[in-house]
Amino acid sequence: MIRIFNYIDRESPIHRLTGASKFAVLILWSIAAMTTFCTPFLVALTILGLILFSVSRIRLREVRAMLILTMAIMLLNNILIYLFAPEQGVAIYGSRDVLFTIIGRYTVTKQQLLYHANVILKYTSTIPMIILFVATTNPSEFAASLNRLGVNYRIAYAVALAMRYIPDTQNEYHDISLSQQARGIEMSKKENLFKRIAAAASIILPLILSGMDRVDVIANAMELRGFGKNKKRTWYMGRKFTPVDILCIIFGIMLVVFTTVYAMVNGSRFWNPFI
Amino acid sequence: MKNLSVRTIVAIGIGAALFFVLARFVAIPSPVPNTSITTQYGLLAFMSALFGPVAGLLIGFIGHFLNDLSAGWGVWWSWVICSGIFGLLVGFGCKGISLEDGKFGKSQIIRFNIVQAVSHLICWAAIAPTLDILMYQEPVNKVYLQGLVASAANIVTTAIIGTILCIAYAKTRPQAGSLNKE
Numbered sequence: 005m006i007r008i009f010n011y012i013d014r015e016s017p018i019h020r021l022t023g024a025s026k027f028a029v030l031i032l033w034s035i036a037a038m039t040t041f042c043t044p045f046l047v048a049l050t051i052l053g054l055i056l057f058s059v060s061r062i063r064l065r066e067v068r069a070m071l072i073l074t075m076a077i078m079l080l081n082n083i084l085i086y087l088f089a090p091e092q093g094v095a096i097y098g099s100r101d102v103l104f105t106i107i108g109r110y111t112v113t114k115q116q117l118l119y120h121a122n123v124i125l126k127y128t129s130t131i132p133m134i135i136l137f138v139a140t141t142n143p144s145e146f147a148a149s150l151n152r153l154g155v156n157y158r159i160a161y162a163v164a165l166a167m168r169y170i171p172d173t174q175n176e177y178h179d180i181s182l183s184q185q186a187r188g189i190e191m192s193k194k195e196n197l198f199k200r201i202a203a204a205a206s207i208i209l210p211l212i213l214s215g216m217d218r219v220d221v222i223a224n225a226m227e228l229r230g231f232g233k234n235k236k237r238t239w240y241m242g243r244k245f246t247p248v249d250i251l252c253i254i255f256g257i258m259l260v261v262f263t264t265v266y267a268m269v270n271g272s273r274f275w276n277p278f279i
Numbered sequence: 028m029k030n031l032s033v034r035t036i037v038a039i040g041i042g043a044a045l046f047f048v049l050a051r052f053v054a055i056p057s058p059v060p061n062t063s064i065t066t067q068y069g070l071l072a073f074m075s076a077l078f079g080p081v082a083g084l085l086i087g088f089i090g091h092f093l094n095d096l097s098a099g100w101g102v103w104w105s106w107v108i109c110s111g112i113f114g115l116l117v118g119f120g121c122k123g124i125s126l127e128d129g130k131f132g133k134s135q136i137i138r139f140n141i142v143q144a145v146s147h148l149i150c151w152a153a154i155a156p157t158l159d160i161l162m163y164q165e166p167v168n169k170v171y172l173q174g175l176v177a178s179a180a181n182i183v184t185t186a187i188i189g190t191i192l193c194i195a196y197a198k199t200r201p202q203a204g205s206l207n208k209e
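From first to last, the protein sequence lines are chains F and Y.
Counting in the numbering used here, the first sequence tops out at residue 279, every number present.
Counting in the numbering used here, the second sequence tops out at residue 209, every number present.
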């Protein structure tokens, strides 16, 4: 069985932060990076992300698989964007400086290059933070941290249940898949598409019906222990905020404030050096 | 949110776990190279029809979020949000269908499939591309084409897997009024 969350237990300032503040910063950081097109700001976020990465003492080779996958998707997306709209940058920045022509309408303009740089920077500024969050946050603490951030504890508990039962469900899927294959079900490319979907259904069906049984068993157990009776609950993995946590959250809020103010002062979300 | 029953909360947790496993491991290789057909939306439609819109919203959102988090390609908020909205829409659209009482005949099958097809189109061909344009300013024709292809594939798999799931589950439930006085 593979480990689904790449949590690496180690002693570092990032590990010492509570899951709640890391999650809050991740969300605020993502919002800031998603909404702005201010290129220098995205570069700054990328550099800051890389610095935090080295502070966390996570080694690059420990997250290499994730990085390669991200790079591949980033590359594919950029190629698709260029194939569909080689003039996207021109339309956004409102000017056109041709560098050279590849073929037909596929010209390379400064504006298009800047636009692609923005798209790439949007990945590079958020991916280190996501990898960092996954690598430095204990999954069990994650649910407790959601509750601390004001998410209703019933929903935080549902998240905890999901994380608790993913490995079990995964094992069960594996068992069912093997036994169905032993009975002659074919899911590879040798079969035609509709047969493959039907074959997938013959694995999914027992998996989900047994999942439904599990719902009843767990719900009964929780009800017997009086789940949901009180307005609050405590968490085994919950931790208290330290001043550093609060500083981190304030920093995250400042990022979002900055992008909002920038868009208002600048009149658009784009940093435009061509005017 | 406060009056979610314990059973619904557990269903959200287990549903999200199932969603995760299907998204991660049960992808059907398609004729187009390097793309596979995902099966998790059949499950999501079924769970939403069974447990209602709030459960559907949370199963889609939590399942998709955890999957993105663990897969390492970054969290695609636009698609995570849409998975949640899909669950919500199907949950509302299937309000009158009581799978719990074992009723899932022809008219329910037709209704379930119309609801899921419309919800897929709203999510993947309208909301997700619009969010992609807002967040990444991606070319309009690219995102809408992606959206249309994605919704077509999702509609087909949901129609097959979702319907089979609903029928199978309904059969396991005792039907209301199925006892006759002799």
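Glycine included, each C-beta is placed from N, C-alpha and C at the ideal position.
Interface partners of residue i on chain Y, CB under 7 Å
i          : result
Glu-227(F) : Val-33
Leu-103(F) : Within 7 Å Cβ-Cβ: nothing; Leu-103(F) doesn't reach chain Y, min ~20 Å.
Gln-92(F)  : Pro-166
Leu-84(F)  : Lys-169
Phe-231(F) : Val-33
Arg-218(F) : Ile-41
Gly-23(F)  : Within 7 Å Cβ-Cβ: nothing; Gly-23(F) doesn't reach chain Y, min ~13 Å.
Met-241(F) : The premise fails here: Met-241(F) is roughly 16 Å from chain Y at the closest Cβ pair, so nothing lies under 7 Å.
Thr-123(F) : In the sequence on display, residue 123(F) carries Val and not Thr. Chain Y residues near Val-123(F): Tyr-163.
Lys-126(F) : Tyr-163
Under 7 Å by beta carbon: chain F residues contacting residue i
i          : result
Gln-164(Y) : Phe-41 and Ile-96
Val-48(Y)  : Ile-170, Thr-173, Gln-174 and Tyr-177
Ala-44(Y)  : Ala-166, Tyr-169, Ile-170 and Thr-173
Val-37(Y)  : Leu-165, Val-219, Ile-222, Ala-223 and Met-226
Nearest residue (CA-CA) to residue i, options the options
i          : options                                           : result
Phe-27(F)  : Gly-93(F), Tyr-177(F) and Thr-140(F)              : Thr-140(F)
Val-29(F)  : Val-138(F), Gln-92(F) and Arg-200(F)              : Val-138(F)
Thr-111(F) : Met-226(F), Tyr-86(F), Phe-57(F) and Ile-201(F)   : Tyr-86(F)
Leu-125(F) : Ser-16(F), Ile-107(F), Leu-46(F) and Met-258(F)   : Leu-46(F)
Ala-24(F)  : Arg-229(F), Ala-48(F) and Gly-154(F)              : Gly-154(F)
Ile-187(Y) : Ile-189(F), Asn-234(F) and Ile-208(F)             : Ile-208(F)
Met-38(F)  : Tyr-163(Y), Ala-177(Y) and Ser-110(Y)             : Tyr-163(Y)
Ser-129(F) : Phe-41(F), Gln-174(F) and Gly-93(F)               : Phe-41(F)
Gly-42(Y)  : Asp-128(Y), Ser-110(Y), Ala-180(Y) and Trp-104(Y) : Ser-110(Y)
Val-59(F)  : Leu-21(F), Thr-74(F) and Gly-256(F)               : Leu-21(F)
Ser-183(F) : Val-265(F), Trp-239(F) and Ala-203(F)             : Ala-203(F)
Ile-182(Y) : Asp-159(Y), Leu-116(Y), Val-145(Y) and Leu-126(Y) : Val-145(Y)
Leu-251(F) : Ile-18(F), Gln-116(F), Ala-225(F) and Ala-36(F)   : Ile-18(F)
Leu-150(F) : Arg-200(F), Arg-229(F) and Ile-31(F)              : Ile-31(F)
Tyr-119(F) : Arg-109(F), Met-133(F), Ile-96(F) and Asp-220(F)  : Ile-96(F)
Met-70(F)  : Ala-121(F), Ile-106(F) and Tyr-11(F)              : Tyr-11(F)
Gly-204(Y) : Phe-46(Y), Glu-127(Y), Gly-114(Y) and His-147(Y)  : Glu-127(Y)
Phe-92(Y)  : Lys-208(Y), Lys-169(Y) and Ala-44(Y)              : Ala-44(Y)
Ile-201(F) : Ile-64(Y), Pro-156(Y) and Ala-152(Y)              : Ile-64(Y)
Contacts of residue i in chain F (Cβ-Cβ under 8 Å)
i          : result
Leu-70(Y)  : Ile-208 and Ile-212
Leu-85(Y)  : Ile-159 and Ala-162
Ala-195(Y) : Leu-209 and Leu-213
Residues that residue i bridges to, as DSSP identifies them
i          : result
Ile-188(Y) : In the DSSP output, where bridge partners are listed per residue, Ile-188(Y) has none listed.
Tyr-110(F) : Ile-107(F)
Ile-55(Y)  : Ile-64(Y)
Phe-41(F)  : Phe-274(F)
Val-102(F) : Thr-113(F)
Chain F contact residues for residue i, given Cβ-Cβ distances below 9 Å
i          : result
Val-102(Y) : Leu-30, Ser-34, Thr-130 and Ile-134
Asn-168(Y) : Phe-88 and Ala-89
Ile-55(Y)  : Met-191, Leu-197, Arg-200, Ile-201, Ala-203 and Ala-204
Leu-126(Y) : Within chain F, no residue comes near Leu-126(Y); the closest Cβ sits about 11 Å away, beyond 9 Å.
Ile-232(Y) : Nothing about residue 232(Y) can be reported from this structure: the residues present for chain Y run from 28 to 209 only.
Ile-89(Y)  : Ile-159, Ala-162, Val-163 and Ala-166
Leu-192(Y) : Ala-205, Ile-208, Leu-209, Ile-212 and Leu-213
Thr-199(Y) : Leu-213 and Met-216
Neighbour list for residue i in chain Y, Cβ cutoff strictly below 8 Å
i          : result
Tyr-266(F) : Per Cβ cutoff of 8 Å: no residues; Tyr-266(F) is ~16 Å from chain Y at best.
Val-261(F) : What Val-261(F) touches in chain Y: nothing, since even the nearest Cβ is about 19 Å away.
Neighbouring residues, chain Y, relative to residue i (Cβ below 9 Å)
i          : result
His-194(F) : Checking the sequence shown, residue 194(F) turns out to be Lys, not His. The contacting residues do not exist; Lys-194(F) stays about 10 Å from chain Y at best.
Neighbour list for residue i in chain B, Cβ cutoff strictly below 7 Å
i         : result
Ile-62(F) : Included in the structure are the protein chains F and Y, with no chain B among them.
Contact test: residue i Cβ vs the ligand SAM heavy atom, cutoff 7 Å
i          : result
Leu-197(F) : No copy of the ligand SAM appears in this structure; indeed no ligand is present at all.
If we count Cβ pairs, one from each stretch, closer than 8 Å, do we get three or more for the region 48-56 of chain F versus the region 271-279 of chain F?
no
Can we say the region 80-95 of chain Y touches the region 194-201 of chain Y, given the rule of at least three CB pairs closer than 8 Å?
With the cut-off at 8 Å, the region 80-95 of chain Y and the region 194-201 of chain Y do not touch.
Is the number of C-beta pairs between the region 85-101 of chain F and the region 156-168 of chain F that are closer than 8 Å three or more?
no
Cβ contact (3+ pairs, closer than 8 Å) linking the region 117-124 of chain Y and the region 140-155 of chain Y:
yes
Pairing CB atoms from the region 195-204 of chain F with CB atoms from the region 259-278 of chain F, are three or more of them under 8 Å?
no
Curious, which full-length alpha helix (DSSP H) runs of at least 4 residues does the region 170-253 of chain F contain?
Look at the region 170-253 of chain F and you find these whole runs of alpha helix (DSSP H), each 4 residues long or longer: 197-228.
Decide yes or no for the touch test of the region 88-98 of chain Y against the region 234-243 of chain F: beta carbon pairs closer than 8 Å, at least 3 of them.
no
Is the region 252-262 of chain F touching the region 173-188 of chain F, taking contact as three or more C-beta pairs under 8 Å?
no
Are at least three pairs of beta-carbons, each pair with one atom in the region 111-122 of chain F and one in the region 87-102 of chain F, less than 8 Å apart?
yes
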